[in-house]
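Scroll down for the structure; my scribbles are underneath it.
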Amino acid sequence: METQAFQKIYTKISNLTKATIMLKATDVGYDEMALVHGRIGQVVKIMGDNVVLQIFGGTEGIPTNAEVVFLGRPPQLKVSDQLAGRFFNAFGDPIDGGPEVEGKIVDTGGPSVNPVRRAQPSQLIATGIAGIDLNNSLVTGQKIPFFADPDQPYNQVMANVALRAEADKIILGGMGLSNDDYLYFKNVFDNAGALDRIVSFVNTTEDPPVERLLIPDMALTAAEYFAHEKQEKVLVLLTDMTLFADALSIVSNRMDQIPSKDSMPGSLYSDLARIYEKAVQFPHGGSITIIAVTTLNGGDITHAIPDNTGYITEGQLFLRMDSDVGKVIVDPFRSLSRLKQLVIGTQTREDHPQVMNAAIRLYADAANAKTKQDNGFDLTDYDERTIKFAKEYAVQLLAVDLNIDTVEMLDRTWQLFKDNFSREEVVVRQEFVDKYWK
Amino acid sequence: MERKNKTTGTVAGIIANLVIVKVDGPVAQNEIGFIYHPENKLMAEVIKITGDNVFVQVFESTRGLKIGAKVEFENHLLEVTLGPGILSRNYDGLQNDLDKMEGVFLKRGDYTDPLDREKKWDWTPIAKKGDKVSAGSWLGEVPENGNPHRIMVPFKMEGVYTVKNIVEAGSYIVDDVIATVSDAEGNDIQLTMVQKWPVKVAIKAYDNKPRPFKLLETGIRTMDTLNPIVEGGTGFIPGPFGTGKTVLQHAISKYAEADIVIIAACGERANEVVEIFTEFPELEDPRTGRKLIERTIIIANTSNMPVAAREASVYTAMTLGEYYRSMGLKVLLMADSTSRWAQALREMSNRLEELPGPDAFPMDLTAIISSFYARAGFVYLNNGESGSITFIGTVSPAGGNLKEPVTESTRKAARCFYGLNQDRADSKRYPAIDPIDSYSKYLEYPEVQSYLLERIGEGWLDKVAKTKTLLLRGREAMEQINILGDDGVPMEFHERFWNSELIDAVILQQDSFDDVDANCPMPRQKYMLEKVLDITDKKFTFETFEDLSGFFKRIINHLKQMNYAEWDSDKFRNYEAELEDMMKERLN
Ligand SMILES: Nc1ncnc2c1ncn2[C@@H]1O[C@H](COP(=O)(O)OP(=O)(O)OP(=O)(O)O)[C@@H](O)[C@H]1O
Ligand SMILES: [Mg+2]
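Protein sequences appear in the order of chains A and B. Quick note on numbering: the first sequence equals residues 1 to 438 in this note's numbering. Quick note on numbering: the second sequence equals residues 1 to 588 in this note's numbering.
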């Protein structure tokens with residue numbers, strides 16, 4: 001990285017912790033980047049001439065007489081079309097052996113879009129997965145995470161969604177990605193011939209965890225370039241935001257901040273919101289859609305990380321293993337897309353909202369019937385039929401291994417209604433029953 | 001806070017948006033200062049003073065700020081600008097007009113004028129030469145989107161004044177002098193249509209604040225019928241994420257019988273504000289026929305905007321509300337979400353290294369929330385007219401657990417509790433307000449009781465009480481059925497359960513996305529409640545519990561169709577007639 005002539009070099013560090021150093025320095029800007037013993041640091045506190053820096057790679061082996069050079073700038077990224085097809089680390093340096101990117105220098109973590117300059121998200125994103133398209137339709141400009149236990153195949157599902165989404169650019173922000181998963185993403189994108197539409201910023205498990213903190217801002221700065229300046233439809237994938245939040249807590253704990261719930265910093269909500277709110281639909285057609293992953297601990301969504309995420313995002317997609325059918329499904333009860341109202345029944349077939357609700361209601365009846373069964377009570381004929389319906393519905397519609405269009409999804413659901421229920425039991429508006437119950 | 005010269009200082013420390021300034025003169029708590037940054041001035045507010053070290057919270061990002069930067073203090077607290085032309089504007093938390101900002105991205109240090117200085121207003125004088133006036137007295141009025149916007153003696157003016165001159169009816173801009181008044185010593189003071197007021201101080205230019213007593217119709221059945229809020233009342237809506245706080249507030253802001261609606265989007269999603277920008281200009285106010293946006297003011301401090309301005313945003317909203325209340329108008333104020341404001345306080349308190357209270361919130365959280373809610377209320381003005389601010393805030397409890405500091409503090413301050421229930425939301429029983437845990441303390445006020453009886457009808461309160469009892473008994477019956485099984489309980493239990501299901505489906509549940517059902521005026525609420533209670537009184541006979549549930553499902557379906565049909569339309573009457581037939585069959 002850059003050091004220039006005439007830059008002042010400091011060589012006297014007064015305090016060191018695992019993640020921070022302190023030294024006396026002047027003319028330093030808040031948030032400014034620095035090179036400390038060849039590692040990247042950022043100013044997090046200034047008191048008179050005492051400056052505290054957070055060292056992304058950790059402070060192991062940094063001596064008190066290490067060289068410290070301030071770079072006079074916040075974190076930045078060079079943006080241009082040359083980003084496409086490339087892989088970078090958390091600092092925006094290429095890790096694919098390719099050349100440096102030429103382009104306009106932009107500060108990352110920049111200001112937010114004026115709310116009055118936004119447009120309402122409006123365009124359906126088809127993923128081929130009915131658990132999403134039918135029950136929790138996504139819209140451009142939306143921000144939504146997968147909630148999943150660490151053993152769920154969330155990265156695979158996300159890669160599929162990304163490739164089918166018809167995005168002009170896909171930007172991958174990988175945080176604490178295992179090397180295998182990193183190579184997996186690289187392979188699928190390559191095999192799909194999509195590599196030239198993809199930009200990746202990756203921090204793997206082999207990199208220092210605190211570096212992850214820079215990944216979302218890097219990915220979203222690139223996204224803003226393509227979405228705003230190039231008016232493209234950009235899809236940003238952030239995986240795994242739980243590891244990002246863990247890195248936040250590492251830093252805040254080392255800076256002696258008072259933790260709030262689950263030893264997370266009190267600012268967790270604002271820190272996450274700053275990232276997710278970069279999702280936007282511009283009036284000119286460009287958009288940033290954010291699909292993220294928040295891994296859960298044993299399905300616990302009351303933990304501070306999923307809880308704060310749920311308060312910020314526009315719904316969540318809950319992945320769960322359905323042991324009755326042995327498939328991973330998008331759980332219709334705990335999942336929600338808050339923007340689906342904007343597109344279902346208008347950009348999809350008219351019967352979509354009614355069919356969706358009716359199927360989920362019947363699926364809920366099946367859950368009640370199963371509870372009854374587990375408690376040793378007799379099942380009615382209706383109970384038996386709902387249980388059969390639930391199994392077929394899970395395999396034919398909820399499973400994540402699907403790739404069909406919404407018309408097919410709706411037709412399949414009607415077929416399941418017909419196979420298992422009478423018209424009255426389904427409760428869908430009469431005009432739709434007349435038209436589609438064939 | 002009068003000073004000859006502005007106090008200045010230099011930046012001595014920076015921790016995120018907390019900046020320590022060394023000053024050369026006097027400063028006041030909560031005084032506003034500007035930090036000079038190479039390209040722009042950053043606004044900040046004093047939050048703590050120790051010796052000549054002044055701690056300020058900066059309303060902007062402090063990126064790039066350096067030690068030694070110059071700071072200038074303004075001799076005043078954080079203020080809003082009051083005058084005609086505030087309605088239908090989109091402000092940020094500091095009352096900057098968002099539409100006047102250039103560019104797609106918000107620029108640091110971009111402060112825009114909240115008022116239109118060129119627009120001409122149709123002025124009609126109210127006060128006459130020689131009148132004795134004081135702070136808040138109406139001097140004249142201009143029409144603003146169908147409401148009379150009263151131009152008042154500035155709230156900052158103390159004592160009694162005599163009107164020396166007042167301009168004739170005509171067309172004026174806000175900065176024109178519209179009146180000259182003189183004080184006891186004979187000094188003349190010229191007044192325009194514009195005044196300023198510090199947001200953290202309540203406007204008290206009224207005669208008295210009685211207990212509120214008038215129903216404020218919201219059009220939401222489960223609120224108006226079961227737990228009504230009143231004009232000048234306070235309420236809060238706690239609920240886990242995704243349970244419908246925002247949808248409910250938007251619904252209330254569309255249909256409530258208020259003259260002015262102020263929506264403070266406090267640390268929530270920008271897309272939700274965009275929804276209001278997009279929908280409200282299209283939707284009609286059912287009472288006036290004007291577009292909803294005309295009576296609405298939006299204060300948007302979305303979650304990605306500077307955290308310190310989040311706290312300011314709710315105060316800005318409240319102060320604008322107090323201004324319109326002083327004009328004798330009915331103001332409805334909504335804040336979504338007050339938890340984000342509390343979190344902003346927490347972030348700052350932690351940076352100040354204050355001794356933390358529960359969950360690291362500041363110790364005085366309860367006091368802060370209480371004194372904010374106390375600014376709402378119904379008032380009689382000095383001229384005998386009345387005005388009100390009804391305040392409803394949402395609370396976003398961490399982990400959905402209502403035993404957390406913000407919910408508990410708010411419970412002490414607000415008189416209505418509309419608790420959203422996760423199970424109800426999961427089963428799409430919207431609005432997910434829990435009918436049993438929720439309450440309105442106003443129902444216990446004798447003055448509210450007599451108002452309701454007069455406005456809605458004899459016996460109304462008994463019907464409400466009966467409805468609540470039936471819901472409770474239904475819940476108990478359901479618990480028994482779950483334990484003992486369908487066959488393990490007497491038929492009576494199924495009956496109780498289905499009576500409560502009937503009330504739930506027809507009265508409690510309401511579809512905010514349906515054009516008709518979204519708004520249910522009081523006469524219709526009364527009609528439907530009586531209809532439903534009537535059914536619960538009937539003695540039907542059933543062979544089996546499945547027979548019973550089948551029957552109830554069918555009548556619920558019909559009653560729901562009635563909810564979806566235009567009030568008193570043929571469709572409505574047809575469903576009703578069919579319903580009567582269905583019931584007759586069962587009674588014989
Ligand atoms: N009255 C209603 N009618 C129909 N659907 C509703 C209703 N209320 C809520 N919903 C559904 O629930 C979703 C979430 O509602 P909402 O955004 O109001 O939740 P919230 O409590 O404000 O959540 P958060 O705390 O995360 O902001 C909506 O997008 C909508 O799909
Ligand atoms: Mg909300």
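For every residue, glycine included, the Cβ atom is placed at its ideal position computed from N, Cα and C. In this text, all values refer to a predicted model and were calculated from it rather than measured experimentally.
Residue i: beta carbon under 7 Å from a heavy atom of ligand 1?
i	result
Val247(B)	yes
Phe513(B)	yes
Phe333(A)	no
Tyr445(B)	no
Arg338(A)	yes
Gln341(A)	yes
Phe147(A)	no
Ser438(B)	no
Thr243(B)	yes
Pro431(B)	yes
Gly239(B)	yes
Gly310(A)	yes
Ala270(A)	Per the sequence shown, the amino acid found at residue 270(A) is Ser instead of Ala. No - ligand 1 has no heavy atom lying nearer than 7 Å to the Cβ of Ser270(A).
Ser396(B)	yes
Does the distance between the C-beta of residue i and the nearest non-hydrogen atom of ligand 2 fall short of 7 Å?
i	result
Glu268(B)	yes
Asp307(A)	no
Asp122(B)	no
Asp336(B)	yes
Using only CA atoms, which one of the options lies nearest to residue i?
i	options	result
Leu320(B)	Glu60(B), Gly83(B), Ala28(B)	Gly83(B)
Lys200(B)	Tyr373(B), Tyr575(B), Val58(B), Tyr445(B)	Tyr373(B)
Gly328(B)	Asp336(B), Trp138(B), Arg411(B)	Trp138(B)
Arg221(B)	Glu530(B), Leu548(B), Asp568(B), Gly550(B)	Glu530(B)
Pro212(B)	Lys204(B), Gly232(B), Lys196(B)	Gly232(B)
Pro240(B)	Asp240(A), Ile301(A), Val236(A), Ala192(A)	Ile301(A)
Asp176(B)	Trp123(B), Lys204(B), Glu158(B)	Trp123(B)
Ser337(B)	Ile299(B), Phe545(B), Pro148(B)	Ile299(B)
Glu314(A)	Asp97(B), Thr246(B), Ile293(B)	Thr246(B)
Ile55(A)	Ser252(A), Gly376(A), Arg164(A), Gly128(A)	Ser252(A)
With residue i as the anchor, note down where its beta strand (DSSP E) starts and where it stops.
i	result
Val19(B)	18-23
Tyr418(B)	Where Tyr418(B) is concerned, there is no enclosing beta strand (DSSP E), given that its DSSP letter is neither H nor E.
Which residues does DSSP list as the beta-bridge partners of residue i?
i	result
Asn574(B)	According to DSSP, Asn574(B) bridges with nothing at all.
His149(B)	Val142(B)
Met47(A)	Asn50(A), Gly13(B)
Arg334(A)	Its beta-bridge partners do not exist; DSSP assigns none.
Leu272(A)	None; Leu272(A) has no bridge partner.
Gln76(A)	Asp107(A)
Can you give me the start and stop residues for the alpha helix (DSSP H) that residue i sits inside?
i	result
Ile556(B)	545-564
His352(A)	352-374
Asn403(A)	Segment: none, Asn403(A) is in no alpha helix (DSSP H) and carries neither H nor E.
Asn350(B)	338-351
Pro306(A)	304-312
Ser370(B)	365-373
Val314(B)	308-325
Asp462(B)	460-484
Taking beta-carbon pairs under 8 Å, can you tell me which members of the region 546-568 of chain B lie near chain A?
Glu546, Asn557
Interface positions of the region 334-346 of chain B facing chain A (Cβ-Cβ less than 9 Å), listed along the chain:
Ser337, Ser339, Arg340, Gln343, Ala344, Arg346
With 7 Å as the limit, tell me which residues of the region 305-319 of chain B have their beta carbon closer than that to any beta carbon of chain A; keep them in chain order.
Taking 7 Å as the Cβ-Cβ cut-off against chain A, the residues of the region 305-319 of chain B that qualify are Met305, Val307.
Anything in the region 87-101 of chain B with a Cβ closer than 8 Å to a Cβ of chain A? List those residues in chain order, please.
Asn90, Leu98, Asp99, Met101
Short of 9 Å Cβ to Cβ, which residues in the region 97-121 of chain A face chain B?
Asp107, Gly109, Gly110, Pro111, Ser112, Val113, Asn114, Pro115, Val116, Arg117, Arg118, Ala119, Gln120, Pro121
Chain B contacts made by the region 28-39 of chain A, where a contact means CB separation under 8 Å
Val28, Gly29, Tyr30, Asp31, Glu32
Cβ-based contacts, 7 Å cut-off: residues of the region 234-246 of chain B near chain A
For the region 234-246 of chain B, the residues whose beta carbon sits under 7 Å from a beta carbon of chain A are, in order, Phe241, Gly242.
Taking any Cβ of chain A, which residues in the region 101-112 of chain B have a Cβ under 7 Å from it, in chain order?
Met101, Val104, Phe105, Leu106, Lys107, Arg108
Name, going along the chain, the residues of the region 250-270 of chain A whose beta-carbon falls closer than 8 Å to a beta-carbon of chain B.
Gln257, Ile258, Pro259, Ser260, Lys261, Gly266, Ser267, Tyr269, Ser270
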